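Asks: Have a look at this one before I ask anything.
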Amino acid sequence: MSGWGRRLSRTAVGLLVGSVVACSGDQPPTPVSAPRGPSTNATAAPAPSFAATRPAASATATLGATGGAGQPAQSTASASPRTALTQPVGAGRWEQRARIPTSRSEVAGAELDGRVYVAGGFVPGGVSATFEEYDPATDAWRARRRLPIALHHPALATACGRIFLIGGYRETNAPSADVWAYDPASDSWTERAPLPTGRGALAAAAFGDLVYAVGGVVRDSVATNEEYNCATDAWRRRAPMPTARDHLGAAVVGGKLYAIAGRAGSFTRNLDANEEYDPATDSWRSRPPLPTRRSGIGTAVIDGRVYVTGGESNAGTFPQNESYDPTSASWASHAAMPTPRHGHAAVSVGSMMFTISGGPTPGLSDVPVNEAFAPG
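Residue 166 in this note's numbering sits at position 164 of the sequence shown; the count goes up by one each step and never skips.
Put into structure tokens, the structure is as follows:
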């Protein structure tokens, strides 16, 4: 499709009420260390399943609490022994911010012009097309133009002065190949060239005019890496990740892309992979693994470090907040998330990271919290 394609003036998308497999969340989580998944050709169930348990109890924790040796006090999963953690001089601090108006999980988030945008996700009773904007300067939310289609597990990335909505699952749980660009000036969505490999539970990150969409699920977990040029509205396939996975995180630091954690089809097969992609050589290399193996994480960059927050396993949700420094190739532990959760948005604005909404228990659950972290 040439130019900016067709422009939507208004889109009203209904919610589909579906039945999904329940995952019990009323038993307290116990520590777990999932087996290391395969490095390639990971497989998953033929179609994604999403648990429908919504516990009445809210998830809370002490702000900035940490346990002994820099480990979070509310940890529900054990750290991998393969990577040593170092505690930075300051573990950082958390503070509560204005709650998101629409509580949901399995969302995507991105920053543009100092504002945070949160798209799609599960809401009670269905899948959402909600798109909301948060201004950290005023600590206020407002609704923006709804997504062209309701989606859960999509990806967002910012390039060319636009926010790109990439892939995800439709209300039927079918993977989407749709790509849409949001213009905040006109509060409108425009259809763009479709993703070559439609998928959900993927991750996306941008470097200049180039957006990279990595991993996700088609039928099985994939190692796919596809590059989008927002200036030419064209996709091309690039070298696949060494480790096929979904529910991963991605971030760009110093011209390199880092694909971190995720799972091989199920949160009983969480991964600790940390793989670095160099666009200049179209090549990958393994880096020190994430200390706490998990999936359904949030990733954000502050001052050249990649922060990895939250996640889930079959035993519970994770409060861990760990950061990777590409310069020293080392990991550090920071103050734990006040509200452990998965499927949340993690977005940095300046020297702050905002972790928004998500599920406080494994599977389908949601909480409207907006918790901001500042490194120490």
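Don't be surprised by glycine CBs; every beta carbon is placed ideally from N, CA and C.
Since the model is a prediction, treat every value here as computed from it, not as a measurement.
1) Let's test the definition: count the other Cβ atoms within 10 Å of the Cβ of ALA347 and tell me whether it reaches 16, buried, or not, exposed.
2) Quick check on the DSSP output: the beta strand (DSSP E) that includes MET354 runs from which residue to which?
3) Report the rounded CA-to-CA distance for ALA1 versus ASN316, giving the unit in angstroms.
4) Does the beta-carbon of PRO293 have 16 or more other beta-carbons within 10 angstroms, so that it is buried, or is it exposed?
5) In the DSSP assignment, find the unbroken beta strand (DSSP E) run with LEU158 in it and report its ends.
6) Using 8 Å as the cut-off, can you tell me whether the segment 282-290 makes contact with the segment 305-319, which would need three or more C-beta pairs spanning the two stretches below that distance?
7) With a Cβ-Cβ cutoff of 7 Å, do ALA302 and HIS249 count as a contact?
8) Using only the alpha-carbon positions, how far apart do SER190 and ARG148 sit?
9) Would you mind stating whether ALA208 and ALA161 have Cβ atoms separated by less than 7 Å?
10) Taking only the alpha-carbon atoms, compute the straight-line gap between GLY251 and ASP235 and give it to the nearest angstrom.
11) What distance in whole Å lies between the Cβ atoms of MET354 and ALA376, which are believed to be in contact at a cut-off of 8 Å?
12) Could you tell me the alpha carbon to alpha carbon distance between GLU277 and SER350, rounded to whole angstroms?
13) When the Cα atoms are used, what is the spatial distance from PRO126 to ARG106?
14) Relative to the C-alpha of VAL2, which candidate in ASN175, ALA195, GLU173, THR174 has its C-alpha closest?
15) Return the Cβ separation of THR199 and VAL220 in integer angstroms, given the expectation that the two are a contact with Cβ distance under 8 Å.
16) Kindly give me the distance between the Cβ atoms of GLU134 and ALA145, rounded to whole angstroms, as I take these residues to be in contact under 8 Å.
17) Identify the continuous beta strand (DSSP E) that holds ARG164 and give its terminal residues.
18) According to DSSP, is LEU259 helix, strand or coil?
19) Just to confirm the assignment: which complete alpha helix (DSSP H) runs, minimum length 4, are found wholly within the segment 260-297?
20) For PRO103, does the count of other Cβ atoms within 10 angstroms reach 16, so buried, or fall short, so exposed?
21) Pick helix, strand or coil for ALA337, following the three-state DSSP scheme.
22) Short of 6 Å in beta carbon distance, which residues of its chain neighbour ALA183, apart from the five on each side in sequence? Order them along the chain.
23) With DSSP as the reference, label LEU366 as helix, strand or coil.
24) Have a look at ARG271 and ASP222 and give me their C-alpha separation to the nearest angstrom.
25) Tell me the start and end of each unbroken alpha helix (DSSP H) in the segment 161-224 that is at least 4 residues and wholly inside, in chain order.
26) So, for ASP327: in the same chain, excluding its five sequence neighbours on each side, which residues have a beta-carbon less than 6 Å away from its beta-carbon?
27) Would DSSP call SER105 helix, strand or coil?
28) Helix, strand or coil for ARG343, going by three-state DSSP, please let me know.
29) When the distance is taken between beta carbons, is ASN372 closer than 7 Å to ARG117?
30) From PRO362, ALA139, PRO321, pick the residue whose C-alpha is nearest to that of ARG2; which is it?
31) Between THR140 and GLY122, what straight-line distance do the alpha-carbon atoms span, to the nearest angstrom?
32) In terms of residues, what are the limits of the beta strand (DSSP E) holding GLY94?
33) Exposed or buried, THR363, counting other C-beta atoms within 10 Å across all chains shown (16 or more means buried)?
34) Under a Cβ-count criterion, where at least 16 other Cβ atoms within 10 Å of its own Cβ denotes burial, should ASP211 be classed as buried or exposed?
Replies: The structure says:
1) buried
2) 354-358
3) What the structure shows of the chain is the stretch from 3 to 378, and residue 1 is not part of that stretch, so it cannot be assessed.
4) buried
5) 157-161
6) no
7) no
8) 9 Å
9) yes
10) 24 Å
11) 5 Å
12) 21 Å
13) 8 Å
14) Lying outside 3 to 378, the shown extent of the chain, residue 2 is not represented and no answer is given.
15) 6 Å
16) 6 Å
17) 164-168
18) strand
19) none
20) exposed
21) coil
22) ARG164, PHE166, THR192, ARG194
23) coil
24) 13 Å
25) none
26) ARG307
27) coil
28) coil
29) no
30) Coverage of the chain is limited to positions 3 through 378, which leaves residue 2 absent and any answer about it impossible.
31) 23 Å
32) Per DSSP, GLY94 belongs to no beta strand (DSSP E) and is neither H nor E.
33) buried
34) exposed
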